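So the structure is just underneath, and the comments pick up after that.
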Amino acid sequence: AQSVTQLGSHVSVSEGALVLLRCNYSSSVPPYLFWYVQYPNQGLQLLLKYTTGATLVKGINGFEAEFKKSETSFHLTKPSAHMSDAAEYFCAVSRGGTASKLTFGTGTRLQVTL
Amino acid sequence: DTGVSQDPRHKITKRGQNVTFRCDPISEHNRLYWYRQTLGQGPEFLTYFQNEAQLEKSRLLSDRFSAERPKGSFSTLEIQRTEQGDSAMYLCASSSVGDATEAFFGQGTRLTVV
Numbered sequence: 064a065q066s067v068t069q070l071g072s073h074v075s076v077s078e079g080a081l082v083l084l085r086c087n088y089s090s091s092v093p094p095y096l097f098w099y100v101q102y103p104n105q106g107l108q109l110l111l112k113y114t115t116g117a118t119l120v121k122g123i124n125g126f127e128a129e130f131k132k133s134e135t136s137f138h139l140t141k142p143s144a145h146m147s148d149a150a151e152y153f154c155a156v157s158r159g160g161t162a163s164k165l166t167f168g169t170g171t172r173l174q175v176t177l
Numbered sequence: 424d425t426g427v428s429q430d431p432r433h434k435i436t437k438r439g440q441n442v443t444f445r446c447d448p449i450s451e452h453n454r455l456y457w458y459r460q461t462l463g464q465g466p467e468f469l470t471y472f473q474n475e476a477q478l479e480k481s482r483l484l485s486d487r488f489s490a491e492r493p494k495g496s497f498s499t500l501e502i503q504r505t506e507q508g509d510s511a512m513y514l515c516a517s518s519s520v521g522d523a524t525e526a527f528f529g530q531g532t533r534l535t536v537v
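Here it is, written out as structure tokens:
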């Protein structure tokens, strides 16, 4: 079985500050890991994904995440927050080598203040 | 627009009525997924198709739910005898075949059962 835990349902940062959204996973097989963003009343958009290879993954909009197997973590970061980053962020895991059925975390709402 | 399209965007129905939602995936995608998202939660997997074959169903998909993809293109999700607990956002996603290929999500259908 796989699961994802996102620590912090709400995170607030100032514009220009570092964004850090935490994600820990549990998987009995090598995981594939994803971060999605959801704006109000919209579907989900892929920010980045880790499958194999380089553990530091760069995504869209300046976001990146690092896969740390020893810590079972895949935290999302962005050096400088922008007002347009305010949204809900979901970490997800799927089983490597199978269909892309995703197991999502409960999400973290990011608020960006002036 | 060549993205995933869902119809309707919003549906309000009385308890006990049947509802049907439609999803049109990206045309070249073989895989189609249905997820349900309740308020404050991440999306939960319901079922997925590869072409017209329904390959997996979640335990969340009770007997009142049925999904079809008759010609391997669009899909429908029907809920019979709706209950208030069915109120949620129903998300459709599609992807091509392959390891951890990106799933593209539609904007969802928000169901409210009154």
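From first to last, the protein sequence lines are chains A and B. Going by this note's numbering, the letters in the first sequence line up with residues 64 to 177, in that order. Going by this note's numbering, the letters in the second sequence line up with residues 424 to 537, in that order. Glycine is no exception: its CB is placed at the ideal position from the N, C-alpha and C atoms. Since we're looking at a predicted model, the values are computed, not measured.
| query | result |
| --- | --- |
| Same chain, Cβ closer than 7 Å to Gln-440(B), neighbours up to 5 away in sequence not counted | Thr-505 |
| Beta-carbon neighbours of Gly-170(A), restricted to chain B and to distances below 8 Å | Gly-463, Gln-464 and Gly-465 |
| Heavy atom of the ligand SAH within 8 Å of Val-92(A) beta-carbon | The model depicted lacks the ligand SAH and carries no ligand whatsoever. |
| Reduced DSSP secondary structure (H/G/I, E/B, other) of Asp-430(B) | strand |
| Candidates His-73(A), Glu-134(A) and Glu-129(A): closest to Gly-116(A) by CA position | Glu-129(A) |
| Any chain A beta carbon closer than 9 Å to Arg-533(B) | yes |
| Selection of the segment 479-503 of chain B by Cβ proximity to chain A, strictly under 8 Å | Glu-479 |
| Cβ shell of Tyr-88(A) (< 6 Å), same chain only, five flanking positions each side left out | Val-67, Pro-94, Thr-135 and Val-156 |
| Three-state secondary structure (DSSP) of Ile-502(B) | strand |
| Residues of its chain near Gln-108(A), where Cβ-Cβ distance is below 7 Å and the 5 sequence neighbours each way are ignored | Tyr-99 and Val-100 |
| First and last residue of the uninterrupted beta strand (DSSP E) at Lys-480(B) | 476-480 |
| Beta-bridge partners of Asp-447(B), as assigned by DSSP | Ser-428(B) |
| Inter-stretch contact at 8 Å, needing at least 3 Cβ pairs: the segment 478-492 of chain B / the segment 74-83 of chain A | no |
| Contact under 9 Å by Cβ, Arg-158(A) with Ser-77(A) | no |
| Exposure of Lys-112(A), with buried meaning 16 or more beta-carbon neighbours within 10 Å | buried |
| Asp-430(B) burial status per 10 Å Cβ neighbour count (16 or more: buried) | exposed |
| Spatial neighbours of Ser-72(A) in its chain, beta-carbon cut-off 8 Å, leaving aside the 5 residues before and after | Thr-169, Gly-170, Thr-171 and Arg-172 |
| Pick from Asp-148(A), Gln-105(A), Lys-132(A) and Lys-131(A) that is closest to Ile-123(A), judged by C-alpha positions | Asp-148(A) |
| C-beta contact flag for Glu-467(B) and Gln-460(B) at 9 Å | yes |
| Segment limits, beta strand (DSSP E) that includes Ala-516(B) | 511-518 |
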